[in-house]
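Here is the structure we will look at, set down as structure tokens.
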Amino acid sequence: MDLELRHLRVLCAIADSGSVGRAAAAIGASQPATSTQLRRIERYLGAVVFDRTAAGVVPTTFGAEVLAAAREVLSRVDRLGRAAAPDGERPHRELRLTTDCPALLPGTLARARQLRPELRFTLARGRDAEPPVDLAPPLDHHDGADRARGDEFADLALLLDHPGSGLRATPALAARAVATEPVFVALPTGHPLRHHAEPALADLAGEHWLLPAADGASWPALLRAACEAASFAPAGVRELPCGRREVLDLVAAGLGAALVPGSTAPVPGVSVKPLLGTPLWLRYVLLWQRATIGPGLADTLFGAAAAAYRELAAEAPHLHSWAGRTFRPPRT
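Just so we're aligned, residue 1 is where the sequence shown starts under UniProt numbering, counting upward by one.
Here's what the structure looks like:
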């Protein structure tokens with residue numbers, strides 16, 4: 001076989017996702033096909049690009065050199081294409097971005113600007129935007145007041161998704177999953193279950209839950225569905241007009257419990273714990289308008305978001321501990 005640009009994109013997708021399975025989902029291929037493609041590439045190169053571990057894949061020393069060269073080649077091709085590209089590859093204006101996962105924003109935007117210094121963004125958080133900004137009505141998974149009109153549609157979105165949310169691409173929109181992670185519970189450090197490595201959701205039946213209304217992940221519905229599956233109803237659910245950090249401050253004060261992404265950074269006074277059996281998951285999704293963002297620019301934005309997530313996850317010791325227990329290789 002000859003080494004082609006598509007092979008370099010596969011390698012970069014695997015590195016960005018940290019997993020062959022997640023990379024396959026991101027590029028729209030099956031996991032077996034992506035694994036086969038990786039083996040062919042490694043045979044062509046004559047060396048292993050990724051070490052396989054229980055938690056995913058990690059570039060070898062050789063692989064890191066290959067990936068650096070691959071990214072440079074793809075970046076040069078991208079720059080060549082932009083010289084005569086349609087508007088979707090050469091944004092002549094600020095890109096309008098909406099998000100409901102602000103923790104991922106700083107790293108994503110910083111990396112995107114490093115790769116494409118000409119990029120400019122106008123930011124709006126889904127529910128809080130004034131005027132409201134969304135991608136398009138078919139993608140609206142907030143309430144009707146958030147729906148955008150006419151030229152107020154955003155060019156791209158970085159959103160939280162979970163089973164049942166209905167978030168989907170359309171013929172006018174493309175979507176790629178940036179990362180999938182478990183949902184954890186945040187408890188005050190003095191909570192009776194503080195010594196439990198993984199409390200069961202049913203053990204929290206008497207808790208009063210504090211959830212951020214400004215977060216687009218539909219936490220109340222997610223919580224109630226999980227509690228129903230565990231055969232109980234939550235004692236109380238309060239949806240608060242604030243962000244996740246403010247909710248965690250209230251948890252630290254002993255006013256309730258909260259659901260949080262597994263990559264949530266540690267907060268003083270708060271103990272973040274996995275739930276037994278991992279009943280809840282969420283996903284970070286990048287979506288964009290095909291008419292205004294072409295494939296090259298989309299690859300840049302996706303790579304920036306994936307790198308930002310890896311950095312975020314690296315600062316979450318509770319996520320590392322959970323992954324070590326969950327994906328520990330069986331003893332032989």
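Think of the CB as a built atom: it goes at the ideal place given N, C-alpha and C, for glycine as much as any other residue.
Burial state of residue i (16 or more Cβ within 10 Å)
| i | result |
| --- | --- |
| glycine 294 | buried |
| glycine 254 | exposed |
| serine 231 | exposed |
| proline 212 | buried |
| leucine 38 | buried |
| glutamine 289 | buried |
| histidine 191 | buried |
| alanine 23 | buried |
| serine 263 | buried |
| residue 395 | Given a span of 1 to 332 for the chain in the structure shown, any question on residue 395 remains unanswerable. |
| arginine 76 | exposed |
| proline 241 | exposed |
| glycine 46 | exposed |
| alanine 110 | exposed |
Reference residue i; option with closest CA among the options
| i | options | result |
| --- | --- | --- |
| tyrosine 44 | Ala33, Met1, Leu319 | Met1 |
| valine 285 | Leu3, Leu187, Pro102 | Pro102 |
| valine 20 | Phe50, Leu287, Ala304 | Phe50 |
| proline 317 | Val10, Pro266, Arg22, Ala291 | Pro266 |
| leucine 287 | Ala47, Ala172, Pro234, Cys227 | Ala172 |
| threonine 108 | Val73, Leu156, Arg71, Arg52 | Leu156 |
| residue 337 | Leu222, Trp209, Cys227, Ala229 | Here the chain comprises residues numbered 1 to 332, so residue 337 is not present and cannot be evaluated. |
| serine 218 | Pro268, Ala229, Arg244, Ala202 | Arg244 |
| proline 117 | Cys242, Ala233, Leu297 | Leu297 |
| alanine 112 | Gly324, Ala305, Ser321 | Ala305 |
| valine 270 | Ala177, Leu250, Gly262 | Leu250 |
| proline 220 | Gly324, His320, Val237, Ala229 | Val237 |
| alanine 235 | Leu201, Cys242, Pro241 | Leu201 |
| leucine 115 | Gly303, Leu80, Val272 | Gly303 |
| leucine 97 | Ala307, Leu223, Leu80, Leu159 | Leu159 |
Chain-order list of residues whose beta-carbon lies under 8 Å from that of residue i (same chain, five-residue window excluded)
| i | result |
| --- | --- |
| tryptophan 281 | His162, Pro163, Thr180, Glu181, Pro182, Val183 |
| valine 73 | Leu5, Leu8 |
| leucine 193 | Leu187, Pro199, Asp203, Leu204, Lys273 |
Pairwise C-alpha distance: residue j and residue i
| i | j | result |
| --- | --- | --- |
| threonine 189 | leucine 312 | 22 Å |
| threonine 60 | valine 10 | 16 Å |
| alanine 174 | leucine 301 | 13 Å |
| threonine 36 | phenylalanine 62 | 19 Å |
| glutamate 246 | alanine 225 | 24 Å |
| aspartate 299 | valine 57 | 20 Å |
| alanine 186 | glycine 206 | 15 Å |
| leucine 95 | alanine 197 | 43 Å |
| glutamate 4 | alanine 33 | 16 Å |
| arginine 40 | threonine 122 | 42 Å |
| histidine 7 | histidine 195 | 47 Å |
| proline 261 | cysteine 12 | 25 Å |
| alanine 257 | leucine 204 | 9 Å |
| alanine 252 | alanine 64 | 41 Å |
| glutamate 315 | tyrosine 309 | 10 Å |
| valine 66 | glutamate 42 | 10 Å |
| alanine 54 | glycine 324 | 9 Å |
| threonine 99 | proline 279 | 25 Å |
| leucine 105 | proline 268 | 23 Å |
| alanine 233 | alanine 15 | 41 Å |
| glutamate 228 | leucine 275 | 15 Å |
| phenylalanine 327 | alanine 307 | 22 Å |
| arginine 71 | leucine 80 | 14 Å |
| valine 48 | tryptophan 322 | 28 Å |
| leucine 223 | leucine 259 | 8 Å |
| proline 239 | alanine 68 | First, the amino acid is wrong: residue 239 is glutamate here, not proline. For glutamate 239 and alanine 68, the distance between alpha carbons rounds to 45 Å. |
Helix, strand or coil at residue i according to DSSP, with G and I counted as helix
| i | result |
| --- | --- |
| threonine 36 | helix |
| glutamate 42 | helix |
| leucine 11 | helix |
| phenylalanine 327 | coil |
| threonine 300 | helix |
| proline 241 | coil |
| proline 188 | strand |
| glutamate 246 | helix |
| methionine 1 | coil |
| glutamate 181 | strand |
| histidine 318 | helix |
| serine 271 | strand |
| alanine 29 | coil |
| threonine 292 | coil |
| proline 220 | helix |
| aspartate 51 | strand |
| arginine 113 | helix |
Beta-carbon proximity list for residue i, same chain, < 6 Å, skipping 5 on both sides
| i | result |
| --- | --- |
| glycine 18 | Gly56 |
| arginine 120 | Glu94 |
Cβ-based neighbour list, residue i, same chain, cut-off 7 Å, excluding 5 preceding and 5 following
| i | result |
| --- | --- |
| histidine 320 | none |
| glutamine 31 | Val20, Gly21, Ala24 |
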